[in-house]
Amino acid sequence: MLDFIQIEKTTVSLSLDPIAVASILISLASLAVSIMSIVRDRPKIKITIKKGWTLVNPQPGYKKDTPYVLVSVINSGIRPVTIAKVGGKHLKDTRGFIMSDSIIGGSKELTQGKRLDYLMEESAYAEIDNKYGVLRIEAEDLTGKSYVKNVSPFFLRMIYFPVRKVRTVIWNKQHRNSKSS
Numbered sequence: 003m004l005d006f007i008q009i010e011k012t013t014v015s016l017s018l019d020p021i022a023v024a025s026i027l028i029s030l031a032s033l034a035v036s037i038m039s040i041v042r043d044r045p046k047i048k049i050t051i052k053k054g055w056t057l058v059n060p061q062p063g064y065k066k067d068t069p070y071v072l073v074s075v076i077n078s079g080i081r082p083v084t085i086a087k088v089g090g091k092h093l094k095d096t097r098g099f100i101m102s103d104s105i106i107g108g109s110k111e112l113t114q115g116k117r118l119d120y121l122m123e124e125s126a127y128a129e130i131d132n133k134y135g136v137l138r139i140e141a142e143d144l145t146g147k148s149y150v151k152n153v154s155p156f157f158l159r160m161i162y163f164p165v166r167k168v169r170t171v172i173w174n175k176q177h178r179n180s181k182s183s
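Going by this note's numbering, the letters in the sequence shown line up with residues 3 to 183, in that order.
Have a look at this one:
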């Protein structure tokens with residue numbers, strides 16, 4: 003029954019040209035160095051939040067003996083970034099808040115190893131936290147990229163995630179209907 007099938011033994015030989023192998027290795031090494039330089043040179047923004055800071059010699063616009071929340075934006079990367087604004091997102095709502103220091107001072111360039119500090123009265127921060135909850139603090143650069151420091155614990159973020167999404171859908175539906183009328 004299998005008389006018509008013939009199986010032949012074939013051999014495959016592979017010869018490598020040393021110059022071609024060397025050129026492939028050099029191009030792969032060049033690709034690896036390029037990727038490493040791109041990753042190394044990107045901005046690395048770190049945000050820290052500290053409560054209970056008081057000013058010794060307050061500048062105009064600040065109060066003496068009033069506790070402040072200090073938000074520091076630090077660039078530990080090589081590439082400079084221009085920070086446009088610093089604010090936060092609410093945990094229980096889709097809205098957020100902007101720290102007035104970032105609006106009054108305007109956009110500021112943040113070079114390697116430098117930091118920008120923003121102050122907010124602790125009573126105002128506590129009021130926002132009690133009413134809406136603070137989900138995260140965000141620093142946004144001029145290109146629109148946000149750098150985030152989560153404030154709320156992970157389990158609370160997961161509990162309120164569907165609530166924020168439903169409120170966003172409802173808000174979008176209400177405003178879409180008002181535009182058409």
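Cβ coordinates follow ideal geometry from the N, Cα and C atoms, glycine included.
Using CA atoms only, rank isn't needed, just tell me which of the options is closest to residue i.
{"i": "K116", "options": "S78, P69 and Y64", "result": "S78"}
{"i": "L147", "options": "K46, R42 and A34", "result": "One point to set straight first is that residue 147 is Lys, not Leu, in the sequence displayed. Comparing Cα-Cα distances from K147 to each of K46, R42 and A34, the minimum goes to K46."}
{"i": "I106", "options": "G89, G98, R159 and R169", "result": "G89"}
{"i": "L121", "options": "F156, S74, Q114 and E142", "result": "S74"}
{"i": "Q114", "options": "K11, S15 and K48", "result": "K48"}
{"i": "D131", "options": "E142, L118 and V153", "result": "V153"}
{"i": "D95", "options": "R138, E10, I76 and L118", "result": "R138"}
{"i": "K65", "options": "S15, E124 and L93", "result": "E124"}
{"i": "D119", "options": "Y127, A126 and S104", "result": "S104"}
What separation, rounded to the nearest whole angstrom, lies between the Cα atoms of residue i and residue j?
{"i": "K110", "j": "G54", "result": "25 Å"}
{"i": "G56", "j": "T68", "result": "At residue 56 the sequence reads Thr, which differs from the Gly that was named. Approximately 6 Å, taken between the alpha carbons."}
{"i": "S17", "j": "V35", "result": "29 Å"}
{"i": "V23", "j": "I37", "result": "21 Å"}
{"i": "I51", "j": "S102", "result": "16 Å"}
{"i": "N174", "j": "K167", "result": "11 Å"}
{"i": "A31", "j": "R42", "result": "16 Å"}
{"i": "E129", "j": "I28", "result": "60 Å"}
{"i": "E140", "j": "V150", "result": "5 Å"}
{"i": "P82", "j": "E142", "result": "13 Å"}
{"i": "I161", "j": "P155", "result": "10 Å"}
{"i": "K133", "j": "V71", "result": "17 Å"}
{"i": "F163", "j": "S39", "result": "36 Å"}
How far does the alpha helix (DSSP H) with residue i in it reach, from first residue to last?
{"i": "Y127", "result": "E124 to K133"}
{"i": "D103", "result": "S102 to I106"}
Can you tell me whether DSSP reads residue i as helix, strand or coil?
{"i": "V88", "result": "strand"}
{"i": "I80", "result": "coil"}
{"i": "T50", "result": "strand"}
{"i": "R166", "result": "helix"}
{"i": "L93", "result": "coil"}
{"i": "S154", "result": "coil"}
{"i": "K175", "result": "helix"}
{"i": "S148", "result": "strand"}
Name the two residues that bound the continuous beta strand (DSSP E) containing residue i.
{"i": "D43", "result": "Taken as a continuous stretch (DSSP letters only), D43 belongs to no beta strand (DSSP E), being part of the alpha helix (DSSP H) at P20 to D43."}
{"i": "D143", "result": "V136 to D143"}
{"i": "E111", "result": "K110 to L112"}
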